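**Student:**
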Amino acid sequence: MPRRQTLRRKPAPTVLLTGFEPFGDDAGNPSWDAVQALDGARIAGHRVVARRLAVEFGRSLEQLRAALREVEPVLVICVGLAGGRAQLSLERIGINVDDARIADNAGAQPVDVPVVEGGPDAYFSRLPLKAMMLAMRRAGIPAEISQSAGTYVCNHVLYGLMHALRAKPRVRGGFIHIPYSPELAARHPGAPSLPVDTVVQGLRIAVRTALNTGEDIRVPAGTTH
């Protein structure tokens, strides 16, 4: 009898989520806790892969570029911590400047240095930010569009991501800032926080919406200052 041919399933397309290692003397980083919780998840027919980045200028982009080569994702969302913010902040733009108020985990503190020498002044996120924001809000998760990712390692990663994707127009990418976890907020009295489980839910919604939304919706979400 002829042997049956085994049909190999085509691997599921991948989504890359990144979070950061602990910063300074913090015991953990909720950005990594949240994306790690989604590692291996299946969302809208896609497999989620999580990777952790260093809180370091330069090295974080080396790790991100290595992850892009390894995973070959169709969607990339980098996640970082923004203590003091009360909502999941979907970043609209990354700018080509490192201007560090404090040193990174390796002791580097660049001032007025371009992320990419000779690169464009800025890159816009390719994510459907407003559709993602509204989807999270409908689920009871506080979310906003942010007009500035700062000038620290998070902006460094956002700009570096979009620069890396410049020749891959079909790959969507962007950055989301999240608030302190309650555990970290306890070290900063008065600071707002969100449970990591809530952030995980928000990221799951963000990924699903990004995968299922072609053109972003047009609703006001800007600021006056």
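Position 59 (the sequence shown) corresponds to 924 in this note's numbering; numbering is contiguous.
Beta carbons are placed, not taken as given, at the ideal position from N, Cα and C, and that holds for glycine.
Nothing here was measured: the structure is a model prediction, and the numbers come from that model.
1) If you reduce the DSSP assignment to three classes, tell me which class Asp963 lands in.
2) If we count the other Cβ atoms within 10 Å of its Cβ and call it buried at 16 or more, is Val944 buried or exposed?
3) Please report the distance separating the alpha-carbon of Leu994 from that of Ile1010.
4) Decide if the stretch 984-992 is in contact with the stretch 918-927; the criterion is three or more beta carbon pairs, one per stretch, under 8 Å apart.
5) Output the distance between the C-alpha atoms of Gly1079 and Val880, rounded to the nearest integer angstrom.
6) In angstroms with no decimal places, state the Cα-to-Cα distance between Leu1023 and Leu933.
7) To the nearest angstrom, how far is the alpha carbon of Glu935 from that of Pro1057?
8) The alpha helix (DSSP H) spanning Ile1006 covers which residue range?
9) Beta strand (DSSP E) containing Gly884: first to last residue?
10) Run through DSSP, which three-state label would Gly1067 get?
11) How many whole angstroms separate the CB atoms of Gln1066 and Ile1006, which I take to be in contact at a CB cut-off of 8 Å?
12) Applying the criterion that 16 or more other CB atoms from any shown protein chain within 10 Å of the CB defines a buried residue, is Thr1016 buried or exposed?
13) For Ala1032, list the residues DSSP reports as bridge partners.
14) Which residue marks the beginning of the beta strand (DSSP E) containing Ser954, and which one marks its end?
15) Taking 7 Å as the threshold (C-beta atoms), are Ala909 and Leu1068 in contact?
16) Go ahead and pull the three-state DSSP assignment for Ser1046.
**Tutor:** Per the coordinate set shown:
1) Taking the sequence shown and counting its residues from 1, the one referred to as residue 963 is at position 98. Collapsing the DSSP output to three states places Asp963 in a strand.
2) The sequence position of residue 944 within the sequence shown is 79, counting from 1. So Val944 ends up on the buried side.
3) Translated into the one-based positions of the sequence shown, residue 994 becomes position 129. Translated into the one-based positions of the sequence shown, residue 1010 becomes position 145. Taking the straight line from one Cα to the other gives about 7 Å.
4) As far as the Cβ criterion goes, the stretch 984-992 does not touch the stretch 918-927, which means the pair count is below three.
5) As a working note, residue 1079 is residue 214 in the sequence shown. As a working note, residue 880 is residue 15 in the sequence shown. Going by the C-alpha atoms only, they are around 16 Å apart.
6) As a position in the sequence shown, residue 1023 is number 158, starting the count at 1. As a position in the sequence shown, residue 933 is number 68, starting the count at 1. Leu1023 and Leu933: Cα-Cα distance of roughly 13 Å.
7) Taking the first residue of the sequence shown as position 1, residue 935 is located at position 70. Taking the first residue of the sequence shown as position 1, residue 1057 is located at position 192. For Glu935 and Pro1057, the gap between their C-alpha atoms comes out near 36 Å.
8) To locate residue 1006, count along the sequence shown from 1; it is residue 141. Boundaries for Ile1006: no alpha helix (DSSP H) harbours it, and the DSSP string shows neither H nor E there.
9) Here residue 884 corresponds to residue number 19 of the sequence shown, with the count starting at 1. Counting along the chain, the unbroken beta strand (DSSP E) around Gly884 starts and ends at Thr879 to Phe885.
10) What you label residue 1067 is simply residue 202 of the sequence shown in a count that begins at 1. Of the three classes helix, strand and coil, the one that applies to Gly1067 here is helix, per DSSP.
11) Position 201 of the sequence shown, counting from 1, holds the residue named residue 1066. Position 141 of the sequence shown, counting from 1, holds the residue named residue 1006. Contact holds; Cβ gap of about 6 Å.
12) For the purposes of this step, residue 1016 is taken as residue 151 along the sequence shown, with counting starting at 1. The Cβ neighbour count for Thr1016, taken over all protein chains shown within 10 Å, is at least 16; the residue is labelled buried.
13) The residue you call residue 1032 lines up with position 167 of the sequence shown. According to DSSP, which records beta bridges pairwise, Ala1032 is partnered with nothing at all.
14) Sequence index remark: in the sequence shown, residue 954 carries index 89 (1-based). Element bounds for Ser954: Leu953 to Glu956.
15) For this step, residue 1068 is matched to residue 203 along the sequence shown. For this step, residue 909 is matched to residue 44 along the sequence shown. Taking 7 Å as the cut-off, the Cβ atoms of Leu1068 and Ala909 do not count as close.
16) For the purposes of this step, residue 1046 is identified with residue 181 of the sequence shown, where counting begins at 1. In this structure, Ser1046 counts as coil in the three-state DSSP scheme.
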